[in-house]
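Read in the numbering used here, the sequence shown has 165 at position 126, and its numbers run on one by one without any break.
Think of the CB as a built atom: it goes at the ideal place given N, C-alpha and C, for glycine as much as any other residue.
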Amino acid sequence: MVLCISALFNKVGIEAKMATCMLSSKMSPLVSPIIRFLLKDQYYSSKTICNGVTNISRRGYSTDALPQPAAEDSNAAAAYSGPLEHYNSLVRDESLQEDPHQKAVVQTLDKMHKTLRGYNNQPTSLFSKFFSKPKPPKGYYIYGDVGTGKTMVMDMFYSYVETEKKKRVHFHGFMLDVHNRIHRLKKSLPKRKAGRMAKVYDPIAPIAEEISEEACLLCFDEFQVTDIADAMILKQLFENLFKNGVVVVATSNRPPEDLYKNGLQRVNFVPFIAVLKSASFMQNYCQELRLDSGIDYRRRNRPLAGKLYFLSSEPCVEAILDKMFDELAFKQNDITRPRTLKLLAREVSLMKTCGTIADCTFEELCDRPLGASDYLEISRQFDTVFIRNIPLLTMNKKTQARRLITLIDAFYEHKVRVVILADHPLDDIFVHDGDHEHHHHELMDDLNLKKDAASELSIFSGAEEIFAFQRTVSRLTEMQTEEYWLEGDRSTITT
Numbered sequence: 040m041v042l043c044i045s046a047l048f049n050k051v052g053i054e055a056k057m058a059t060c061m062l063s064s065k066m067s068p069l070v071s072p073i074i075r076f077l078l079k080d081q082y083y084s085s086k087t088i089c090n091g092v093t094n095i096s097r098r099g100y101s102t103d104a105l106p107q108p109a110a111e112d113s114n115a116a117a118a119y120s121g122p123l124e125h126y127n128s129l130v131r132d133e134s135l136q137e138d139p140h141q142k143a144v145v146q147t148l149d150k151m152h153k154t155l156r157g158y159n160n161q162p163t164s165l166f167s168k169f170f171s172k173p174k175p176p177k178g179y180y181i182y183g184d185v186g187t188g189k190t191m192v193m194d195m196f197y198s199y200v201e202t203e204k205k206k207r208v209h210f211h212g213f214m215l216d217v218h219n220r221i222h223r224l225k226k227s228l229p230k231r232k233a234g235r236m237a238k239v240y241d242p243i244a245p246i247a248e249e250i251s252e253e254a255c256l257l258c259f260d261e262f263q264v265t266d267i268a269d270a271m272i273l274k275q276l277f278e279n280l281f282k283n284g285v286v287v288v289a290t291s292n293r294p295p296e297d298l299y300k301n302g303l304q305r306v307n308f309v310p311f312i313a314v315l316k317s318a319s320f321m322q323n324y325c326q327e328l329r330l331d332s333g334i335d336y337r338r339r340n341r342p343l344a345g346k347l348y349f350l351s352s353e354p355c356v357e358a359i360l361d362k363m364f365d366e367l368a369f370k371q372n373d374i375t376r377p378r379t380l381k382l383l384a385r386e387v388s389l390m391k392t393c394g395t396i397a398d399c400t401f402e403e404l405c406d407r408p409l410g411a412s413d414y415l416e417i418s419r420q421f422d423t424v425f426i427r428n429i430p431l432l433t434m435n436k437k438t439q440a441r442r443l444i445t446l447i448d449a450f451y452e453h454k455v456r457v458v459i460l461a462d463h464p465l466d467d468i469f470v471h472d473g474d475h476e477h478h479h480h481e482l483m484d485d486l487n488l489k490k491d492a493a494s495e496l497s498i499f500s501g502a503e504e505i506f507a508f509q510r511t512v513s514r515l516t517e518m519q520t521e522e523y524w525l526e527g528d529r530s531t532i533t534t
């Protein structure tokens, strides 16, 4: 084994000093699986859970319009009559473990996919404009714990819906698209003349009309509300989408009544919850489906892609990560260099990249004021990202923790592979401590909040981050598997 590893180091030109350090520290059991995996000349496709369906989430985002359906949707739909038949086939083939909670949801969505055949929320002819619109089928809000298969069953359903006017988006991408549309519409308004008051302009209804013309079915993954601006936009936007006959299917870790829980000015958002729960809004638009088997399938024993999560206390760990980066970079048609990613009106600089590989620090990615749009752009540009020096995330680093959650959401959705160096094991990265109140006094004063009232708000308690970090840990666990690593290799994708 020692001779084998030494030969590998010599092959790629690694210094003898580094090899000696690694061997003398008894690191060969950790290095060998990584090196063997990375040195493969070809990647062999593992047996995917949903054939064409599992790759649906690789779909990209557009900043100008919602993303178009992927070509593999029609390929998946050609093999089976619907999602239920597909699910049963996967269980028979032992690609999936039968889960009665999943199956119940799939059965409901299978009926819905049949109901949606031929549905169109727009007039199909000149004469149809004079008749009342057809009543839209009811949508579904699917909620439950992390890793229970909500995204899988929704994607399976989506792939079989027979309409060109359908969109499947991650919620971060959707909200980014909405904000871009708002920005575009406001820029198109005539400039206010000097000395005259500007007319109040509400862009939400026109945006809802645009989206309604593009899609009669919207499927959202990871529906969540974490700030008051999005909360107020969503309330009005969805009211208009529903009026325009758009059918919505969404997944979320929270039941509708817990959306934007303990958020600022939540009272203004409560009417939207009534819309989702169909309590009192003209007619029923969206029904609840709970998928909660109590099993996080991402955390079940699955073959790993070697060692991808490292602790800073391990000997020679920086040299090991340098070696992994060099081996991956060797296969790129590029040199190691800094890169600047250009977004609408801003730039994001990364200090060490090579082709589709980026070697970043936690400080680069999460200590700077970056958001979903930045992380989505990184996801588009890179298929493998090293994240070094993740510290212990206490309540004093709640903002950085929220950015890490958003970062991993974007990476997971785009099948970006990660190699992590952290100060603590994955399950212990984020801790809730009580020594953070002094950081919030100024904000509490600005909001005119007393201590007791502020303690109930998620921006002070960290409750939202604690809840969302369960999803992050679950996803990072799956992102270490061989199946995920293979799916994330974009060098095998042909266009």
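Asked, Found
"Buried versus exposed, by CB contacts within 10 Å (16 or more), Asp467", "exposed"
"Nonlocal neighbours in the same chain, by C-beta distance under 7 Å from Ala254, ignoring five residues either side", "Leu105, Lys204, Lys205, Lys206 and Val285"
"The segment 121 to 132 touching the segment 141 to 153, judged by at least three CB pairs closer than 8 Å", "yes"
"Proximity of Glu517 and Arg378 at Cβ, strictly below 8 Å", "no"
"Start-end ranges of the beta strand (DSSP E) lying completely within the segment 324 to 404, minimum 3 residues", "325 to 329, 348 to 350, 376 to 382, 385 to 393 and 396 to 400"
"Counted within 10 angstroms of its Cβ, other Cβ atoms place Lys86 as buried (16 or more) or exposed", "With a pLDDT of only 37 at Lys86, under the threshold of 50, the placement of this residue in the model should not be trusted; the figure read from the coordinates follows. Looking at its Cβ environment, which holds fewer than 16 other Cβ atoms inside 10 Å, Lys86 is exposed."
"Among Thr520, Asn160, Arg529 and Asn159, the one whose alpha carbon lies nearest that of Arg341", "Thr520"
"Cut-off 7 Å between Cβ atoms - residues of its own chain near Leu486, not counting five sequence neighbours on either side", "The predicted position of Leu486 is uncertain, since its pLDDT is 41 and thus under 50; a value taken from the coordinates is nonetheless stated next. If we look at Leu486 and ignore the five residues flanking it on each side, it has no Cβ neighbours."
"Rounded C-alpha distance that separates Leu380 from Val387", "5 Å"
"Contact under 8 Å by Cβ, Ile334 with Thr187", "yes"
"Backbone CA spacing between Arg385 and Val130 [nearest angstrom]", "48 Å"
"Span of the alpha helix (DSSP H) around His152", "Pro139 to Thr154"
"Residue from Gly178, Val264, Glu402 and Tyr199 with nearest C-alpha to His209", "Val264"
"Whole-angstrom distance between Val288 and Asp260, CA atom to CA atom", "9 Å"
"Proximity test, Thr154 beta-carbon vs the ligand PLP heavy atom, cut-off 7 Å", "The model on display carries no ligand, and the ligand PLP is accordingly not part of it."
"4 or more residues per run - each alpha helix (DSSP H) lying fully within the segment 236 to 275", "243 to 253"
"8 Å Cβ cutoff met for Leu465 and Arg442", "no"
"Proximity to Arg293 [Cα-Cα], best of Met271, Phe281, Leu328 and Leu276", "Leu328"
"8 Å Cβ cutoff met for Phe155 and Val200", "According to the sequence shown, residue 155 is Leu rather than Phe. Yes."
"Neighbour flag for Arg341 against chain C, beta carbons, 8 Å", "Looking at the structure shown, chain C is missing, and only one protein chain is on hand."
"Beta strand (DSSP E) segment containing Arg427, residue limits", "Thr423 to Ile429"
"Per DSSP, cross-strand counterpart(s) of Tyr182", "Ser291 and Arg329"
"Residues that Phe469 bridges to, as DSSP identifies them", "Leu432"
"Residues that DSSP places opposite Lys205 in a beta bridge", "Leu256"
"Strand pairing of Leu129, partner residues [DSSP]", "DSSP, once it has assigned bridges, lists no residue as partnering Leu129."
"Euclidean distance between Cα positions of Trp524 and Ala368", "16 Å"
"Buried or exposed by the 16-neighbour rule on C-beta atoms within 10 Å, applied to Arg223", "exposed"
"Terminal residues of the alpha helix (DSSP H) in which Val217 lies", "Phe210 to Lys226"
"Residue from Val356, Ile429 and Ile444 with nearest C-alpha to Leu415", "Ile444"
"Local conformation of Val455 per DSSP, three classes", "coil"
"Nearest-angstrom Cα separation, counted from Leu389 out to Ser530", "22 Å"
"Proximal residues to Tyr179 (C-beta, below 6 Å), its chain only, five neighbours per side dropped", "Val288, Gln326 and Leu328"
"Beta-ladder partner(s) of Val286, from DSSP", "Leu256"
"Residues that DSSP places opposite Ala461 in a beta bridge", "Leu350 and Ile429"
"Backbone secondary structure at Thr520 - three-state DSSP", "strand"
"8 Å Cβ cutoff met for Ile417 and Ala461", "no"
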